[in-house]
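In my numbering, the protein residues as written are 444 to 584.
By construction, the Cβ of each residue, glycine as well, lies at the ideal position given by its N, Cα and C atoms.
In this text, all values refer to a predicted model and were calculated from it rather than measured experimentally.
Have a look at the structure below, then the notes.
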């Protein structure tokens, strides 16, 4: 009986370790193209979908806002996006990949609110983990 309990415990530990290791290897952006990554950015920033926000950005990610001169790194910006979880703004949006050459792409997201327009210029880099956002510059034309 003791042998069965030990064997069961070892099997459970092995299963948990396998599941944990498999989940640690998830790379949600590995198979996405640059346009799909920008779509996920819109989902996080405008539609409150905070899934995989941390994985969306490069480690040296930089956010800047031209109207108030604010700048944030990856940690602060991911925290901000997660605070928007399930919050949906009343705005229409459009986006495009303006240029893509090799491992670099530049995208543009236009968000039209009732009283103002926000434009985010997004720089993307293709990494070993797929396309990731390395820089976002927000303007209010």
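Check your understanding: Could one say the Cβ of residue 535 lies closer than 8 angstroms to chain C's Cβ atoms, at least one of them?
Key -> Absent from the structure is chain C; it holds one protein chain and no more.
Check your understanding: Counting only runs that start and end within the stretch 472-529, where is the beta strand (DSSP E) found for 3 or more residues in a row?
Key -> Listed in chain order, the complete beta strand (DSSP E) runs (minimum 3 residues) inside the stretch 472-529 are 500-508, 514-516.
Practice item. Ignore the nearest five residues each way along the sequence and tell me which others in residue 529's own chain have a CB closer than 6 angstroms to its CB. Key: Contacts found: 491.
Practice item. Return the Cβ separation of residue 481 and residue 552 in integer angstroms, given the expectation that the two are a contact with Cβ distance under 8 angstroms. Key: About 7 angstroms separates the Cβ atoms of residue 481 and residue 552, confirming a contact at the 8 angstroms cut-off.
Exercise for review: Please list, in chain order, all residues of the same chain as residue 580 whose beta carbon is under 6 angstroms from its beta carbon, the five residues on each side excluded.
Suggested key: So the qualifying residues of the chain are 507, 564.
Review point. Quick one: what's got a C-beta closer than 6 angstroms to residue 535's C-beta in the same chain, skipping five residues either side?
Key: Only 555 meet the Cβ criterion.
**Study point:** Cutoff 6 angstroms; reference residue 540; Cβ partners in own chain excluding five residues on either side
**Key:** Excluding five sequence positions before and after residue 540, the CB atoms of its chain that fall closer than 6 angstroms to its own CB belong to 477, 478, 548, 550, given in chain order.
Check your understanding: With distances taken from CA atoms, which of 560, 526, 546 is nearest residue 575?
Key -> In terms of Cα proximity to residue 575, the closest of 560, 526, 546 is 546.
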